[in-house]
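Structure first, commentary second.
In the UniProt record's numbering, the protein residues as written are 1 to 402.
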């Protein structure tokens, strides 16, 4: 049933795109034309991508399985895990939404539509080399091995015992080697995320974050013709999302903020000198003047923050935005989203993959959290396991965010 649902969704996406041989069902003119080759590459490539990364996910479960009792504990709460047909139906809908946005010209085609097979193979080899370490960490509940291993870096440049990084930050999130604090971690991260999301992570980012962000950039560009619209990606990681924004909106002035020096270095390598300005710093105390940006994006950060830090980050978002500016938040779905279809996964994930603040995030009222800092909710988009939310800073606010 799952394969049939995915095939049906791919056919729907192809029909919407006008792939030759697929009957059309009407609809308005497309704002941007993709070539026939690009359409075919997308419609055939995305299911192939899912198949590849799903095989890696299944192999990972065999080599590094979570505690089998965890699934039973979640089920005992009265929660039902979605079946494969339901998951593949959601994935098919994600790709159909993604392709519709590509056809409208909302954002650029993914750069790896035709992947570098050798590069993927090399990264895949490193990924599986690292899996036994992840499993050892999981079984030993070694949540702070990262700080022990890179302790000198955790306190680098600090004096009087002051920490260079917040304590919450130096954990082994996802049980990954070195946490966020090594070049090896930065090299593996994007591949690890794609395996976890079975090849759908980039599409989720595009639908939930890139689309609203590009819309906001276009709106900002229309308001001011004397300067380029300015965007800040908060917790930009390896720069993968910024790389897609650069391809989608070449005239924007892009900035990225990242706490990990290793991930920031990877982002600079990904984007090049002219791609974006990458700064190292804490999202709870951003190194920017008030009212500096038209748009702020934040992808997959909030579920990794303690509640108190999350609130500080929202306050900083409001401060660095210009009045009328836009925040685009993309993060995990929360409990109750999609009619509760994914609630069992939401409860399973934080224990299986060491996400200490995830369950708190899954219950927080994000609309209220942002409203308390003068950021008004205007839209929500669901993209499989990701929820995108758009907020606008009230135009009557002072630039200091008061």
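C-beta atoms are modelled at their ideal positions from N, C-alpha and C, and glycine is treated no differently.
If one requires a minimum length of 3 residues, the beta strand (DSSP E) runs lying completely within the segment 268-344 are 277-280, 293-299 and 321-332, in chain order. DSSP lists 256 and 297 as the beta-bridge partner residues of residue 233. With fewer than 16 neighbouring CB atoms inside 10 Å of its own CB, residue 114 falls in the exposed class. DSSP lists no beta-bridge partner residue for residue 117.
If you draw a straight line from the Cα of residue 103 to the Cα of residue 229, it comes to about 23 Å. Annotation: residue 238 to residue 45 spans about 24 Å, alpha carbon to alpha carbon. Here DSSP, grouped into helix, strand and coil, assigns residue 111 to coil. Counted as a single uninterrupted DSSP element, the beta strand (DSSP E) harbouring residue 375 occupies residues 375-383. Bounds of the beta strand (DSSP E) holding residue 390 are 386-393.
In the pairwise beta carbon analysis, the segment 327-338 is classified as touching the segment 377-395: at least three pairs are separated by under 8 Å. Rounded to whole angstroms, residue 128 and residue 257 show a C-alpha spacing of 30 Å.
The beta carbon of residue 210 sits closer than 8 Å to the beta carbons of 106, 107, 241, 244, 245 and 248 from its chain, once the five residues preceding and following it are set aside; these are given in chain order.
Counting the other CB atoms within 10 Å of its CB gives residue 199 a total of 16 or more, which places it among the buried residues.
In the DSSP assignment, residue 360 falls within the alpha helix (DSSP H) that extends over 358-363.
The segment 293-301 makes contact with the segment 317-324; the number of CB pairs closer than 8 Å reaches 3 or more. Between the segment 76-90 and the segment 214-228, the count of Cβ pairs shorter than 8 Å is below three; the stretches do not touch. Residue 175 sits in a helix when the DSSP states are folded into three classes.
Taking the Cα of residue 346 as reference, the smallest distance to any Cα among 354, 362, 235 and 371 is reached at 362. Closest in alpha carbon position to residue 317, among 373, 303, 360 and 357, is 373.
With a cutoff of 9 Å on beta-carbon distance, residue 196 and residue 353 are scored as near each other.
A Cβ-Cβ contact shorter than 9 Å links residue 348 with residue 74.
Beyond the five residues adjoining it in sequence on each side, residue 379 comes within less than 6 Å, by CB distance, of 390 in the same chain, given in chain order. Exposed is the label assigned to residue 55, since fewer than 16 other Cβ atoms lie within 10 Å of its Cβ. Per DSSP, residue 250 is not a residue of any alpha helix (DSSP H), being assigned neither H nor E. If you look at residue 79, you'll find it isn't in any alpha helix (DSSP H); DSSP assigns it neither H nor E.
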